[in-house]
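So for the sequence shown, my numbering puts the first residue at 3; every next one is plus one. Think of the CB as a built atom: it goes at the ideal place given N, C-alpha and C, for glycine as much as any other residue. If you're wondering where the values come from, they're calculated on a predicted model, not measured in any experiment.
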Amino acid sequence: MICKLCGRIIYDEICYTKDPRFCLDCGSNRHQYFKQRRDTLSSLREMNLESKIVQTKYLIREAVSEFGLDKVYISYSGGKDSTVLSHIAKTMYPDILHLFANTTNEFPETIQHIKWEREKNGTNIISVIPRDPSGKPWTFKRVVNYYGYPVFSKRVSNAIRTYQHALTPKTQANSIDYI
């Protein structure tokens, strides 16, 4: 077997026992990375609101410092989370760019809110509709016709995709077991 990360041949002596797809080094590093992520997320959840706002402002300031205000934007969906992020960012950088990707599947109220943010609240929002290389828009209906209807979760969707594109019957069987 070959390690999924580094490509080394995996022998019994260097196999990461918790996940045999990886060599011992890559498996251990991956495990440590995910443990650190879990610990970080756990500590972030325990922070009070004021600390979360301070942390958010710090991260926004760092992004603008690193890349410049002309290369940083808010991915804006019109929902409550992106609206809170927008409000915090606009207190620091009033003209920061917001990008709204219109999937053509939004509720009419979301579109009204985006319009209100732009016209009445003065938010710098650009609306885009995803397009294929020929310029044809990717509407929700077109995506469903081409890829199928999105169901369940990303994990289940990945298992279905694995089944559809499996190179071996064993891979197909494993993806069915997963589902």
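Within 8 Å, strictly: CB atoms of residue i and residue j
i	j	result
Ile127	Phe109	no
Val130	Tyr95	no
Whole-number beta carbon distance between residue j and residue i, since they are thought to touch under 8 Å
i	j	result
Phe142	Thr85	The pair is not a contact, with the Cβ atoms about 22 Å apart (cut-off 8 Å).
Ile98	Ile113	That belief does not hold up - the Cβ atoms of Ile98 and Ile113 are roughly 21 Å apart, past 8 Å.
Tyr165	Gln174	5 Å
Thr125	Lys82	Actually they are not in contact, since the Cβ atoms of Thr125 and Lys82 sit about 15 Å apart, beyond 8 Å.
Between the CA atoms of residue j and residue i - distance to the nearest angstrom
i	j	result
Leu61	Ile12	40 Å
Arg10	Ile4	6 Å
Ala161	Pro152	13 Å
Leu46	Arg32	21 Å
Asp27	Ser79	40 Å
Ser44	Gln57	15 Å
Asn104	Glu48	34 Å
Pro22	Ile178	20 Å
Reference residue i; option with closest CA among the options
i	options	result
Val145	Tyr180, Arg133, Val56, Tyr78	Arg133
Ser30	Leu7, Glu48, Ser44	Leu7
Ile90	Glu111, Lys59, Asn104	Lys59
Tyr149	Arg163, Arg157, Val158	Arg163
Would you say the stretch 52–59 touches the stretch 30–42, given that touching needs at least three Cβ pairs under 8 Å? no
Do the stretch 115–122 and the stretch 62–75 meet, that is, are 3 or more Cβ pairs less than 8 Å apart? no
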